[in-house]
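Note that UniProt numbering has the sequence shown beginning at 1, numbered continuously upward. A virtual CB, placed ideally from N, CA and C, is assigned to each residue, including glycine. In this text, all values refer to a predicted model and were calculated from it rather than measured experimentally.
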Amino acid sequence: MTQKVIYSLFFCALFGFIVKLLPYDFLFDSAVEAYYKGDWLSVILHMEKALRNKALVRKVKVECRISCANQTAFSEPLAGLGVPIPGAGSVEDLGFFQKILKRADCVNSCESEQLGPPTIHQATEEVELEFKKRTPYNYLQVAYFKINKLDKAVAAANTFFQANPDHMEMKQNLDYYRMMAGVQEEDFKDLEIRPHMADFLLGKRYYSDDSFGLAAEHFEAAVDKYFTADKECRVLCEGAYNYDGYNYMEYRADLFQAMTDHYTQVLNCKQRCSVELATNAGIKLFEDFLPSHFNYLQFSYYNSEKYEKAIECAKTFLLFRPNDEVMNQNLAYYSVVLGEDKAETISVVKDYIRQSILEKELLYFGYEAFGITFVDPDTWTPEDVMPKKLRDKQKADRETAARITEEIGNLMKEIETLVEEKKKDSSDMAKMITPQDGGSLLYDDIRVTMTSKQLNGSKRVLLDGVISDDECRELHRLSNAAALKGDGYRGRPSPHSPSEMFQGVTVLKAVKLGQEGTVPLKSARLFFDLSEKVRKVLESYFRVDTLYFSYSHLVCRSAIDEKQEERTDLSHPVHVDNCLLVSEMNECIKEPPAYTHRDYSAILYLNDDFEGGDFIFTELDAKTVTAEVRPQCGRVVGFGSGKENPHGVRAVTKGQRCAVALWFTLDPTHEEKVRNSDLTHKDPNLHQQPKPSADINCLIPVDPLILSIHVNNWCKIQFFLFSWSSDMTHLDVQRLCSYRGNTTIFYNIDSPGFSIYNLS
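Here it is as structure tokens:
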């Protein structure tokens, strides 16, 4: 019996009395683990159950919230008070809040009764994204294929492909399935298609075939199911307040401001339901989705000679677009031939529009009064719903954006000219464009202990003397003072081995704890500065363009003494940082859930007073060790994150092993957000790091608009480091510079135009 099965049974036994159904993220992780073991039946069992349980959690939440809303309506009078209207007086206010408390109690009781404690089914953003991208079906199609269930494999593959049409491997799989004997066209199902969307697409198909009777039937069904789906989407918006990143650490608001923030967030979510329901498989958005139903319906009914229904749908369409010329002509025709009063508009649509417009007015008020951004998702909204001040501001913003776009176009031409000049001046450009080992280390006290060749691989380096003994001890103390068990591993204290306990802390959390006085601020500052130092050293040594932090984590792993007997596992199994290692096939698949954007990795070691825990490089078979590194204070192992560097960690059998794990990307869109957070910018000393000679440091403003042009590795021009002024009238330029080059570019918004200054 595998450890995972044992753990599953233990989990069920331990929580059996309070957990009504297993968490879908736990089942998903179990399925993924089974996948890499080739246990295909377990993959299917756990992944299908994960999908079912996720759907059941959603269903319970919808039913509970709708039921409780009906039971605790605010329009119902209270004994001795009448209808509770907030603002009518302190007693009436109490009546209003009594309704809120009762509804909260109703929802909590209902959900807990059917699902268990609320925290059980709170998955991480990463897991939610995997389900949104339909990743479970990627695993399922392989598992079904392996056990020769072709119809199910085809359905799973097609379901995944609908949400990932650019996935070439899955496209090839589907082409292969089509050529296989026994596979039918009806096997190519979308198992996740929403009912209203299925009827809408069928209606469009019949409409295109001039089968107007069948088209009308499906469009009518689509409308009914749309409003059901809209109601469900809206109640699901009434969840917990969604803090932006780490803002919860600083969020301070009084009662009514907190209510305003949360309620406007809920209204924003409810408004976006129209986009959510108009999107097929999460990627294809149908413009004017709901109004288009009534356009199709009026013509379908006209061709089916159901003229009263045609008039009804024409009038309903005009509720959304009262000035539509073609539909007004149609209605005029119906009036002449049949009489205008033959039918009325559809009442449920009229109520929907009225509610939506009221929500928009509230959101625009919040935009004006509190600066809470609202972008209207609907194109049919009457123009006067948006306040004139905001309309004028949007017009000015569009004009400014157009002007900047034109200036950028002109600048690009100048940049192209500059690039050509640099090409002529540099005789060995090709060598400098190609990243390679052996660049400068920037610091005199850092030494290269082993190169790629000595480590029997490529894009590898072992450095010593990167930090001092005192700095190692300081970070070690920080890890034990600030780190939490399971931090960075979805809260699991033993994510890689049941024989070890993991604890970690991120840069931002350390800084926050330092500002609160929980840990010394200098320790948090040291964590920040030394990780920056490692970044700059690797950037220079590997001769690459700017490396951006993808993720940084101070982590310690400790041996659990009573679990070391007859131990054969690794502290961290062999893996690759930016692709999924399939060791049986000597392959590494670069696709989610792997962190495909990672380009370079580094481990900064803090101590050596433990047993085991050596770092290893292997071949793609995950067995053949090509190099082994013994951790010690100040040592850094740096390497490319790709398939050329499978690696793992031998078991820590005694003591505690601490290190700073760093991952880097060449893509600024995947930069670790905490590096530019308000917290790390509050203390200017956080940016005081050891400065190597002949290096230019740019002060990046908070939330800058950054546009980088990488001309080549010798002259890397970085420009557009500016932010909008507080009144949004001009751009504040704070610093524009180029590394390793001699050109600085300035942009002046008040006197439009770019200036290029050659500093040589």
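With fewer than 16 other Cβ atoms inside 10 Å of its own Cβ, A104 counts as exposed. Just so you know, the alpha carbons of T119 and C110 end up roughly 15 Å apart. By the C-beta density criterion, R354 is exposed, having fewer than 16 other C-beta atoms within 10 angstroms.
When Cβ pairs closer than 8 Å are counted between the two stretches, the stretch 579 to 587 is seen not to touch the stretch 660 to 667, the count staying below three. Residue state for S479 is assigned as helix, using DSSP reduced to three classes. According to the DSSP assignment, Q298 belongs to the alpha helix (DSSP H) that extends over F289 to N303. M450 carries a strand assignment under DSSP once its states are collapsed to helix, strand and coil.
Going by C-alpha positions, F664 is about 16 Å away from P646. For E611, the three-state secondary structure derived from DSSP is strand. In terms of Cβ geometry, D614 and R598 do not form a close pair [threshold 9 Å]. W40 sits in a helix when the DSSP states are folded into three classes. Distances from the CA of T506 to each of H167, H46, R525 and L150 were compared; the closest alpha carbon is that of R525. Only buried fits K512, as 16 or more other CB atoms lie within 10 angstroms of its CB.
In terms of CA proximity to D324, S292 leads the group V348, Y302, I346 and S292. For K654, the enclosing beta strand (DSSP E) has its first and last residue at V652 to K654. For A278, the three-state secondary structure derived from DSSP is coil.
When the Cα atoms are used, Y137 and P573 turn out to be separated by approximately 25 Å. Taking C-beta separations shorter than 6 Å and ignoring five residues to either side along the sequence, the partners of F145 in its chain run A153, following chain order. Per the Cβ contact rule, the stretch 222 to 230 is not in contact with the stretch 249 to 257 (fewer than 3 Cβ pairs under 8 Å).
At a Cβ-Cβ threshold of 9 Å, I311 and A343 count as neighbours. Scanning its chain for C-beta atoms nearer than 6 Å, with the 5 sequence neighbours on each side dropped, one finds around C64 the residues V107, C110 and E111, in chain order.
A258 and L538 have their C-alpha atoms spaced approximately 45 Å apart. In this structure, T345 sits away from T373, with a CB-CB distance that is not shorter than 9 Å.
Taking all protein chains shown into account, L255 has fewer than 16 neighbouring C-beta atoms within 10 Å of its C-beta and is therefore exposed. Per DSSP, S552 lies in no alpha helix (DSSP H) segment; the continuous beta strand (DSSP E) that holds it begins and ends at Y548 to A559. For L51, the number of other beta carbons within 10 angstroms of its own is at least 16, and it is reported as buried. Within a 10 Å sphere around the beta-carbon of L358 sit fewer than 16 other beta-carbons, which makes this residue exposed. Membership of V349 in the alpha helix (DSSP H) is indicated by the continuous run S347 to F370.
Fewer than three Cβ pairs drawn from the stretch 600 to 620 and the stretch 441 to 453 lie within less than 8 Å of each other, which leaves the two stretches out of contact. The beta carbon of L455 sits closer than 7 Å to the beta carbons of L462, F617 and A627 from its chain, once the five residues preceding and following it are set aside; these are given in chain order.
An exposed status is given to N410, since fewer than 16 other beta-carbon atoms sit within 10 Å of its beta-carbon. For A482, the closest C-alpha among the options D464, S523 and V448 is that of S523. By the C-beta density criterion, P382 is exposed, having fewer than 16 other C-beta atoms within 10 angstroms. Scanning K459, C273, V60 and P520 for the CA closest to the CA of V637 turns up K459. About 6 Å separates the CB atoms of N158 and D190; that is less than 8 Å, so the two are in contact.
With fewer than 16 other Cβ atoms inside 10 Å of its own Cβ, N242 counts as exposed.
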